[in-house]
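Shown next, in structure tokens, is the structure this report addresses.
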Amino acid sequence: MKKTLIIITMLSLALSMSSLPVLAVEIGVGTGLTRDPGDGAAPIVKVKWEMNVVKDGNSKYLGTDDATTAGAQFLPSSQYQVNKRIAICAVVTDADGMADLAGVYADVFYPVNIAVGEHHVKLSSQNGSATAGCGVLMQEDELKLLSTNAATAKADGIELICNKIRTNNTNLPVWNSGYDYDEICAADGELMKETAKVFCVEKDLSYEDPAGDYRTIVMAQDTDSLYGSLENFFKYLPSTAFEVDFTSVNYGNVKLNTHKVVNGNLTFSNGDNFPTVRNIGNTRADMKVQQDDMGLGQTGSTYNVKYDGRVGSDATFVVYNPFAAAKKLNNTLDLSETNEMDFSIDISKFPYPPAASYSGTMTLTAVSVAHLTCPTLTRIDRVQTGFGDGGWAGWSCPVGTTAVSGGIDSSTNPVGPNGLAVPSTTVGGFTYPVYPHYTYTFPETGYVVQDLPDGFGNTISFHVDCLTN
Ligand SMILES: [Ca+2]
Ligand SMILES: [Ca+2]
Ligand SMILES: [Ca+2]
Ligand SMILES: [Ca+2]
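Under the working numbering, the first residue of the sequence shown carries the number 1230, and numbering increases by one thereafter.
The following block contains the structure:
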């Protein structure tokens, strides 16, 4: 009986399938679920830290970082496209047993309010967000057991946190409340009993990731979807560094009182005779230059030669005199930016007797410049009373910001056309910048509203969102 039933069911299924219409369009289907709250105990991240990936002669982590300050600090490589690799580690336990642990993860976030600029390129591993900087998620990684060798796993974990780090870098870790070295390293403690274990993952910061404080959350999840977490910040220490593709600047044939310019280019290629500089640190940088008189001497107290230079063909030249203090050049190099350096010379007098050629020394240095900041969005709410029928009103964004969105929040009568007052937009037949009630002066932008012509006046509440430029 049962067998017959199954056959019939299968037949009807086959029939109904063959009669299904062929759909030529996509259908969006909503999906949903609720997380099983589970029972049992949540995992606990007892302690976490970040460290260098440097190892001892036995291929075991040394547990170091790059500054003695509490917590983890790291120096960038200050070398073009050479990453800084760090390890993120944690001691995790679950009262239901280590087998109940489903996974341990680390989320690293870029520093807040630091924009990376247009030249920054993310590593392929930094796939947590579409963008970089401004506090977004850099990436999530899964931590694995420090050692998969059952024979040494316990000893390896104890050696790292209870010996190397506790002894040599004791202020490195951040502790969950109620835990410390005495607790986890006790002779009858959880590491010894293997009811807690050390998990680690290695990840890369790029040479150009901005100096700053990186929020790091370690999260442990168990099979009941219960989780415990612990977060801190590690610091990517600032290093201002640059490299150039030239070891000399040859001004060539120079005539008296003739401003002679040596142009750079955007191609970083050693010895291409077109000066190029690139930022290989993790701060923004201004170039500074200092130069001797190339043996051209003085007339009275005035040098017979002066120079100028700039970074980028959009920049204004800055003049510098021989032996003067290092002069800062325009413009600032953003993170990992490559740009040309243009130099020029202007000789007002050749000393007598003139030589056939002159040579001297130029010294280039760089100084750090504050990071770019992130755009912020501010909403302005406006209640406009006393609209005549069909009347207009609007509101502007503050100087330094641009209107990016807006809308009507409420009104006492029907509202007519309304929209952003920004270049290339039209609202109610009027195109920016001229509206019946007001003419904007670029770069001023805002939001404009017309009452609907229907025989009634109005009170209209609207808002405009202003983004910093
Ligand atoms: Ca559990
Ligand atoms: Ca430290
Ligand atoms: Ca070049
Ligand atoms: Ca009206």
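Ideal Cβ placement from N, Cα and C applies to all residues, glycine included.
From a predicted model like this one, the values you see are computed outputs, not experimental measurements.
Does the distance from the C-beta atom of residue i to that of residue j stay below 7 Å?
i: residue 1320; j: residue 1427; result: yes
i: residue 1514; j: residue 1415; result: no
i: residue 1690; j: residue 1618; result: no
i: residue 1435; j: residue 1352; result: yes
i: residue 1654; j: residue 1664; result: no
i: residue 1511; j: residue 1433; result: no
i: residue 1508; j: residue 1578; result: no
i: residue 1292; j: residue 1389; result: yes
i: residue 1650; j: residue 1675; result: yes
i: residue 1696; j: residue 1349; result: no
i: residue 1562; j: residue 1538; result: no
i: residue 1485; j: residue 1574; result: no
Can you tell me where the beta strand (DSSP E) with residue i in it begins and where it stops?
i: residue 1635; result: 1630 to 1640
i: residue 1362; result: That residue, residue 1362, is in no beta strand (DSSP E); it is neither H nor E in DSSP.
i: residue 1372; result: 1366 to 1374
i: residue 1491; result: 1489 to 1491
i: residue 1429; result: 1425 to 1434
i: residue 1626; result: Segment: none, residue 1626 is in no beta strand (DSSP E) and carries neither H nor E.
i: residue 1687; result: 1687 to 1697
i: residue 1273; result: 1273 to 1281
i: residue 1391; result: Here residue 1391 belongs to no beta strand (DSSP E), and DSSP marks it neither H nor E.
i: residue 1472; result: 1471 to 1473
i: residue 1464; result: 1456 to 1465
i: residue 1596; result: 1591 to 1598
i: residue 1262; result: Run containing residue 1262: none; DSSP gives neither H nor E here.
i: residue 1610; result: 1606 to 1616
i: residue 1401; result: Counting along the chain, residue 1401 falls outside any beta strand (DSSP E), and DSSP gives it neither H nor E.
i: residue 1573; result: 1567 to 1576
i: residue 1646; result: 1644 to 1650
Could you please give the first and the last residue of the uninterrupted alpha helix (DSSP H) stretch that includes residue i?
i: residue 1410; result: 1410 to 1414
i: residue 1384; result: 1382 to 1387
i: residue 1523; result: No alpha helix (DSSP H) holds residue 1523; DSSP gives it neither H nor E.
i: residue 1422; result: 1419 to 1422
Roughly how far, in whole angstroms, is the beta-carbon of residue i from the beta-carbon of residue j, given that I think they are within contact range, below 8 Å?
i: residue 1386; j: residue 1368; result: Going by Cβ atoms, the distance from residue 1386 to residue 1368 rounds to 25 Å, so no, they are not a contact pair.
i: residue 1611; j: residue 1694; result: Contact doesn't hold; Cβ gap of about 12 Å is too wide.
i: residue 1603; j: residue 1344; result: 5 Å
i: residue 1370; j: residue 1335; result: 5 Å
i: residue 1383; j: residue 1412; result: Not really, about 17 Å apart at Cβ, beyond 8 Å.
i: residue 1495; j: residue 1381; result: With 8 Å as the limit, residue 1495 and residue 1381 do not qualify as a contact, their Cβ atoms being about 53 Å apart.
i: residue 1677; j: residue 1648; result: 7 Å
i: residue 1379; j: residue 1323; result: Residue 1379 to residue 1323, Cβ: 19 Å. No contact.
i: residue 1276; j: residue 1403; result: 7 Å
i: residue 1478; j: residue 1338; result: Not confirmed; about 43 Å, so no contact.
i: residue 1465; j: residue 1303; result: 6 Å
i: residue 1273; j: residue 1457; result: 5 Å
i: residue 1671; j: residue 1652; result: 7 Å
Exercise. Is the stretch 1447 to 1463 touching the stretch 1517 to 1526, taking contact as three or more C-beta pairs under 8 Å?
Worked result: no
Exercise. Whose CB is closer than 5 Å to a heavy atom of ligand 3? List the residues in chain order.
Worked result: Result: 1474, 1494, 1496, 1501, 1503, 1505.
Problem set entry | the stretch 1461 to 1474 in contact with the stretch 1531 to 1545 per 3-pair CB rule at 8 Å | no
For this session: Closer than 5 Å is what we want: which residues have a beta carbon that near any heavy atom of ligand 4? List them in chain order.
Result: Environment of ligand 4, chain-ordered: 1618, 1680, 1681, 1683, 1685, taking every residue with Cβ within less than 5 Å of a heavy atom.
Exercise. Within the structure, which residues are defined as neighbours of ligand 2 by a Cβ-heavy atom distance below 7 Å, reported in chain order?
Worked result: 1294, 1296, 1297, 1298, 1299, 1300, 1301, 1302, 1398, 1400, 1401
Exercise. Residues near ligand 1, CB to any non-hydrogen atom under 5 Å, in chain order?
Worked result: 1269, 1270, 1323, 1325, 1329, 1451
Exercise. Do the stretch 1497 to 1506 and the stretch 1472 to 1479 meet, that is, are 3 or more Cβ pairs less than 8 Å apart?
Worked result: yes
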